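Trainee:
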Amino acid sequence: MVAVSLAILSSGAAAAQTSTSYVVAPIRSELSGSDTVGALRSGLICAPAGKLRWSDVAHDPARAARLVATTLGERGVRADMPADDRIGSPPVGERRIVGDVIRLEASACLKQYGLLRKLSPKRSMSGRGEIAIRWRVHRTGVREPEATYVTCADFALNGDARQPDALLDQGIAAAARDFGDLLTGKPASPRCEEATAS
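For the sequence shown, the residue numbers in this note's numbering are 2 to 199.
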């Protein structure tokens with residue numbers, strides 16, 4: 002069961018109505034490739050194997066935006082596929098969603114060991130994590146956001162370590178689901194303040 006919580010940082014407007022349409026910009030990250038995000042383990046008993054770095058699990062920004070747009074649609078929010086640029090100016094009547102991963106804490110294990118590590122075309126990685134995403138909503142032609150939110154989600158980290166683009170999918174989708182609920186006027190749970198301490 003994925004546990005999700007969120008907090009509103011600031012808002013210059015009331016919750017958006019479902020009639021509002023949105024454009025989702027590529028989902029970026031404030032983390033860099035060498036940043037440590039947790040512990041890495043490997044082998045049959047998942048023995049300690051060093052640090053888990055952002056580069057080991059980093060998502061593809063455009064792919065993540067497509068996932069966010071699809072997830073928002075499932076929550077009743079009209080959201081289009083990724084915009085070409087980060088801020089820009091969406092068409093009149095639309096708003097732009099700019100998302101950034103601002104925190105990730107995870108623990109993961111690479112299951113292959115010995116000869117399997119060399120012979121297998123896939124390196125299975127599994128674990129748990131907590132992700133925090135900041136969402137900024139921009140009006141047409143306005144660079145300052147009209148509202149800023151943060152969502153936090155606990156999630157299962159699963160996938161192929163050789164193709165890390167999808168490793169954070171469950172976390173990104175969980176955060177987007179609660180963000181979508183917030184956009185449609187549902188209440189937030191006050192838990193994400195620590196994610197924005199910096």
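Just so it is clear, CB atoms sit at the ideal spot from N, CA and C, and this is done for glycine as well.
These numbers were taken from a predicted model, which means no experiment stands behind them.
#1: Do you know offhand how far Ala4's Cα is from Gly34's?
#2: So Gly186 and Leu158 are in contact, right, with Cβ under 8 angstroms, and what is the actual spacing, rounded?
#3: For Glu147, name the three-state secondary structure that DSSP assigns.
#4: So, with DSSP's three-state summary, where would you put Val78?
#5: Can Ala40 and Leu53 be called in contact, C-beta distance under 8 angstroms?
#6: Which residues does DSSP list as the beta-bridge partners of Pro49?
#7: Spell out the partners DSSP gives Phe156 in its beta bridges.
#8: Please say whether Met82 and Gly96 have beta carbons closer to each other than 8 angstroms?
#9: In the structure shown, what three-state DSSP assignment does Ser108 receive?
#10: Let me know the secondary structure DSSP gives Ser56 once reduced to three states.
Mentor: With the given structure in hand:
#1: Confidence is the limiting factor: at Ala4 the pLDDT is only 41, short of 50, which leaves the residue's position unreliable, though a coordinate-based value still follows. About 27 angstroms.
#2: About 31 angstroms; that fails the 8 angstroms criterion.
#3: coil
#4: coil
#5: yes
#6: Arg42
#7: Gly130
#8: Checking the sequence, you will find Arg at residue 96 rather than Gly. In this structure, Met82 does not lie closer than 8 angstroms to Arg96 by Cβ.
#9: strand
#10: helix
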